[in-house]
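S.K.: One structure is given below, represented as structure tokens, and several questions about it will come after.
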Amino acid sequence: MFWVNPLALFAVAAAAAPVLIHILIQRRAERFPFPTLRFLQPTRLASIRRHVLEDAPLLVVRAAILSVAALALAGPLLLTASRREAWDRRLVRAIVVDGDSAAAVPDRDGEQRTVLMQRQFAGPSLADGIRRAVLWLETTPPARRAIVIVSPLPIGSITHSDVAAVPTGIGLRFQRIGTLPSARTAEGGRLLTSDRVRSREVTLTGERTSFRDTDADAVPVWPIDVVSADHDREVIDAAIAAVRSRDVWVAPPDRRARLVLVAPADRGDGAERKDSTADASPIQRPWIADAIARMTRDPDLRAVAIRFKAGLSDRRFAVSPWQALAIAADGRPLAAAAESADRLLVASAAGASSLATPVLLRSIANAIASPPDLRRAEVMPINDEVIRQWSRLPAPVGSPRIDTVEQDDRRWLWLAVLVLLALETWMRRAQPTAVERRAEEHARVA
Amino acid sequence: MTSASDVTPPEVLAQIADLELVARIVVEGLVSGLHRSPFHGYSAEFSQYRHYRPGDDLKYVDWKLVARTDRVYTKQFRETTNMASAIVLDTSGSMGFPVADRAPMTKYRYAAIAAAALAYLISGQGDAVGLLGGERYVAARAGRQHLRGLLAALSSLSAGGTWSVAENIRRASERLSRRGLLLVLSDFYDDEERTRAELKRAARRGHEIVLFQILSREEIELPYGRDLEFADLETGRALAINASLARRSYTDAMASFLERWHGRAGAEGFHYSLIVTDTPPARALRQFLLARVAR
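Residue numbers (the working numbering), protein chains in the order written: chain A, 122 to 567; chain B, 134 to 428.
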């Protein structure tokens with residue numbers, strides 16, 4: 122048994138109140154001054170018990186009315202086998218399409234169940250559509266639930282993590298429609314080289330990927346300010362030149378970064394460099410958070426950090442708002458990031474001449490840029506074997522969310538309340554006859 | 134003959150505070166129709182014979198003398214000092230039933246009215262009357278002035294607490310200096326054996342005993358039908374019972390109690406009247422007085 126409004130069950134206790142009051146209140150006999158007690162024999166005080174016995178059936182009926190009404194308000198739901206079978210016979214279906222398949226109608230694919238509800242979800246990506254479909258399915262009435270993904274299913278349109286995010290009780294079916302082109306060319310982003318900016322064009326032909334770079338009409342701007350000792354400027358410039366020689370992605374003009382090399386104090390200018398990190402603040406801009414996330418996943422940065430002997434000694438860099446980017450051999454962060462006046466702020470324990478510094482510079486430059494998303498240019502479909510592994514049937518209905526049940530069993534309880542009300546009326550109207558008889562008997566005695 | 138509508142009902146008498154006025158009303162209601170005083174000649178002594186005259190009461194003809202002399206002579210009596218009466222009025226708490234807010238007149242008020250009427254009647258005949266009630270004792274004397282004083286003393290009394298009827302019967306009996314009339318107004322809930330013993334002792338002293346047992350209709354019939362906590366007006370002891378269930382045993386016990394007083398009073402030669410307080414006092418006393426006149 123489930124209850125749609127379980128708080129209403131507290132009202133059942135209220136039905137006991139009149140019963141308890143009726144029974145517990147001791148009616149004191151009226152004090153009556155009398156000349157002498159010598160002729161009076163002790164008797165039981167009949168009126169209280171008699172009153173209770175006479176009223177008991179009516180009291181029980183009234184208490185039952187209140188109790189059953191409270192149970193009805195609580196919205197009982199009895200999970201019978203027939204009810205479960207009825208739920209399992211129907212299907213609620215979400216159809217996820219990408220932009221190319223917006224008008225698609227899934228085939229039945231042997232579906233025997235009655236489709237109770239169906240809704241289509243189209244969005245910028247299949248992953249986004251799947252996420253919204255899952256949220257919607259949680260609000261639907263009890264039934265088997267399924268998501269049908271209708272798309273050419275190119276590689277990258279759905280990943281393992283997208284599938285894993287779908288609850289296991291929801292069925293997954295993939296319907297491949299349309300064909301992918303044999304080749305596709307897409308814009309591949311902009312690169313910052315040693316002395317210019319180049320535009321890249323990527324061509325996907327089957328399994329082959331090729332690209333072509335052309336000069337772009339843009340001024341090359343290095344997006345990272347490096348704060349170091351004056352005598353390290355040449356080394357820093359050389360590191361920057363080395364990074365640019367390997368090409369890095371061009372960052373949008375409103376994204377800047379600052380790298381502070383926090384050297385040991387014996388260099389004499391440590392206090393000045395520490396001031397450059399004093400304005401660190403918690404991260405609020407999404408692009409900065411994305412950049413930090415990319416940097417923590419940079420394998421090159423991790424590899425160079427683990428060989429670095431000593432990380433940042435100041436404990437300030439180990440707590441908020443600083444986020445560790447890579448951990449040195451001593452367990453302390455080699456580099457930590459924060460936000461500072463709308464730019465990415467990175468503090469590093471590596472010196473200017475350390476190998477870690479150019480690796481860090483390259484990681485920062487690529488992280489703050491927006492790498493091109495070539496997923497929509499993909500021409501290779503997801504392998505059929507992978508699709509088969511992802512596919513599954515909708516599971517039988519388990520314990521439903523009570524707020525999604527369209528109809529509970531309260532109507533039977535309300536019917537019982539009506540019957541009890543009729544009974545109470547009949548009992549109440551039948552009572553005065555007994556009272557009148559007692560009144561007559563008292564009159565005869567008097 | 135006074136009709137039933139001519140006697141003043143108890144609830145009306147209860148509204149009159151002046152006991153002398155009440156007594157006069159009651160006495161006027163009961164003596165009309167009485168051709169002779171019920172108390173006249175009681176204490177007369179024989180003085181001489183005289184020839185019978187038509188109209189003389191044949192009761193006073195000396196028939197022995199007629200047999201001896203063939204002449205009819207009537208006894209004449211010298212009236213001695215008037216008859217002395219003592220009214221013993223029960224002022225115990227039980228006489229305060231029904232309590233004031235439940236009925237127009239309590240037993241005590243009724244008894245006081247009856248005592249005032251009797252005192253008024255006796256004094257009006259020229260006889261001496263005294264009173265014993267509560268802590269007050271008024272010696273038996275004749276005269277209007279004395280009557281006023283007695284009624285004032287009577288007005289000052291009230292019912293409450295315990296009061297021994299037997300003890301006060303003994304006191305009143307001892308203080309009546311000569312053979313007299315002892316009128317006791319009570320419900321007689323006191324110790325029955327002791328009360329009877331004192332009454333018999335008083336009778337042995339030569340007093341005439343008149344008993345008025347005054348009860349209310351409610352305490353005779355117990356007409357209640359619900360749970361009540363009966364509280365004794367004298368002792369304060371309480372008993373919670375259902376009156377309907379207790380009614381039969383109560384009325385049987387009450388009937389036995391009344392029968393005992395009636396039977397033993399008759400066996401001892403006492404005059405006994407059971408007066409229920411819903412009877413107009415004049416009517417209740419009239420029955421007693423008519424019986425005396427008829428003797």
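We treat Cβ as the ideally placed atom computed from N, Cα and C, and that holds for glycine.
Look up B/Y185 in the DSSP assignment and say whether it is helix, strand or coil.
M.R.: The answer is coil: DSSP assigns B/Y185 none of H, G, I, E or B.
S.K.: Would B/S176 count as contacting chain A if we go by Cβ distances under 9 Å?
M.R.: Because the pLDDT of B/S176 is 47, which lies under 50, any placement of that residue in the model is unreliable, and the question is left without a value.
S.K.: Helix, strand or coil for A/K430, going by three-state DSSP, please let me know.
M.R.: Note: A/K430 maps to coil in three-state DSSP.
S.K.: Using beta carbons (cut-off 9 Å, strictly below), is B/D151 in contact with chain A?
M.R.: Chain A contact via Cβ: absent.
S.K.: In angstroms with no decimal places, state the Cα-to-Cα distance between B/R303 and B/S349.
M.R.: Roughly 26 Å separates the two Cα atoms.
S.K.: Can you check whether the C-beta of A/R165 is within less than 9 Å of a C-beta belonging to chain B?
M.R.: True, the Cβ-Cβ gap to chain B drops below 9 Å.
S.K.: Near A/R367, what residues of its chain come up, given a Cβ to Cβ distance below 8 Å and the 5 sequence neighbours on each side ignored?
M.R.: Only R483 meet the Cβ criterion.
S.K.: So if I threshold CB-CB distances at 7 Å, which residues from the segment 341-362 of chain B count as touching chain A?
M.R.: Going along the segment 341-362 of chain B in chain order, one finds E352, P356, G358, R359, D360, L361 and E362 with a Cβ nearer than 7 Å to chain A.
S.K.: Nearest to A/I357 by CA position, among A/S474, A/I448 and A/F332, is which residue?
M.R.: Out of A/S474, A/I448 and A/F332, A/S474 has the C-alpha closest to the C-alpha of A/I357.
S.K.: Between the alpha carbons of B/A305 and B/V145, how many angstroms are there, rounded?
M.R.: Between B/A305 and B/V145, the C-alpha separation is close to 32 Å.
S.K.: Applying the 10 Å Cβ sphere with the 16-neighbour rule, what's the burial state of B/G313?
M.R.: Buried: at least 16 other Cβ atoms inside 10 Å.
S.K.: Which partner residues of B/P237 appear in the DSSP bridge assignment?
M.R.: Its beta-bridge partners do not exist; DSSP assigns none.
S.K.: Using a Cβ cut-off of 8 Å, pull out every chain A residue sitting near B/M238, in sequence order please.
M.R.: The contacting residues do not exist; B/M238 stays about 14 Å from chain A at best.
S.K.: What residue from A/F332, A/V348 and A/R317 has the CA that sits closest to A/D338's CA?
M.R.: For the residues A/F332, A/V348 and A/R317, the minimum Cα distance to A/D338 belongs to A/R317.
S.K.: Do the segment 193-201 of chain B and the segment 290-300 of chain B make contact, defined as three or more Cβ pairs closer than 8 Å?
M.R.: Too few Cβ pairs lie closer than 8 Å, so no.
S.K.: Is the CB of A/R159 under 9 Å away from at least one CB in chain B?
M.R.: Answer yes: the Cβ-Cβ gap between A/R159 and chain B drops below 9 Å somewhere.
S.K.: Give every residue of the same chain whose Cβ lies closer than 7 Å to the Cβ of A/V538, excluding the five residues on either side of it in the sequence, and list them in chain order.
M.R.: Correct list, in chain order: I186, V189, A190 and A193.
S.K.: Are A/R270 and A/L247 closer than 9 Å when you measure CB to CB?
M.R.: Before going on, a small fix: residue 270 of chain A reads as Ile here, not Arg. Yes; because the gap between Cβ atoms is below 9 Å, this pair is in contact.
S.K.: Which residues of the segment 376-405 of chain B have a Cβ closer than 8 Å to any Cβ of chain A? Give them in chain order.
M.R.: Within the segment 376-405 of chain B, the residues whose Cβ lies closer than 8 Å to some Cβ of chain A are S377, L378, A379, R380, S382, Y383, A386, M387 and F390, listed in chain order.
S.K.: Could you give the DSSP three-state label for B/N375: helix, strand or coil?
M.R.: Looking at B/N375 - three-state DSSP - the assignment turns out to be strand.
S.K.: Specify the secondary structure class of B/E352 as computed by DSSP and reduced to three states.
M.R.: Residue state, collapsed to three classes: helix.
S.K.: Kindly indicate which residue of A/V383, A/I523, A/R509 and A/M501 has the alpha-carbon position closest to the one of A/G299.
M.R.: It is A/M501 whose Cα lies nearest to the Cα of A/G299.
S.K.: Count the other CB atoms within 10 Å of the CB of B/N301; is the residue buried (16 or more) or exposed (fewer)?
M.R.: The residue in question, B/N301, is buried, as its Cβ has 16 or more Cβ neighbours within 10 Å.
S.K.: Taking Cβ-Cβ distances shorter than 9 Å, what residues in chain A pair up with B/A364?
M.R.: Chain A residues near B/A364: R152, F153, P154, F155 and L158.
S.K.: Taking 9 Å as the threshold (beta carbon to beta carbon), is B/Y322 in contact with chain A?
M.R.: By this cut-off, B/Y322 is an interface position.
S.K.: By a C-beta neighbour count over all protein chains shown, 10 Å radius and 16 as the cutoff for buried, is B/V221 buried or exposed?
M.R.: B/V221 should be labelled buried.
S.K.: Take B/D411 and list the residues in its own chain whose beta-carbon comes closer than 7 Å to its own, dropping the five residues that flank it on each side.
M.R.: Closer than 7 Å at Cβ, skipping near neighbours: P143 and R350.
S.K.: Can you tell me where the beta strand (DSSP E) with A/E322 in it begins and where it stops?
M.R.: Per DSSP, A/E322 belongs to the beta strand (DSSP E) from V318 to T326.
S.K.: Please confirm if the segment 200-219 of chain A is in contact with the segment 233-246 of chain A, defined as three or more CB-CB distances below 8 Å between the two stretches.
M.R.: Yes, since at least three Cβ pairs between the segment 200-219 of chain A and the segment 233-246 of chain A fall closer than 8 Å, the two stretches touch.
S.K.: Under the three-state reduction of DSSP, which class applies to A/P344: helix, strand or coil?
M.R.: A/P344 falls in the coil class under three-state DSSP.
S.K.: When the distance is taken between beta carbons, is A/S278 closer than 9 Å to A/R496?
M.R.: Going by C-beta atoms, A/R496 is nearer than 9 Å to A/S278.
S.K.: Could you tell me which uninterrupted alpha helix (DSSP H) segments, each at least 4 residues in length, are contained entirely in the segment 393-428 of chain B, listed from first to last along the chain?
M.R.: If we require 4 residues or more, the alpha helix (DSSP H) runs fully inside the segment 393-428 of chain B come out as 414-427.
S.K.: Using the Cβ count rule (16 or more neighbours within 10 Å means buried), how would you classify A/W547?
M.R.: A/W547 is exposed by the Cβ-count criterion.
S.K.: Just checking: is the beta-carbon of B/R370 within a distance shorter than 9 Å of some beta-carbon in chain A?
M.R.: Yes, B/R370 counts as interfacial toward chain A.
S.K.: Can you round the beta-carbon distance between A/I291 and A/L312 to whole angstroms, since I take them to be within the 8 Å contact cut?
M.R.: About 43 Å; that fails the 8 Å criterion.
S.K.: Can you check whether the C-beta of A/Q528 is within less than 9 Å of a C-beta belonging to chain D?
M.R.: In the displayed structure, chain D is absent; the protein chains listed are A and B.
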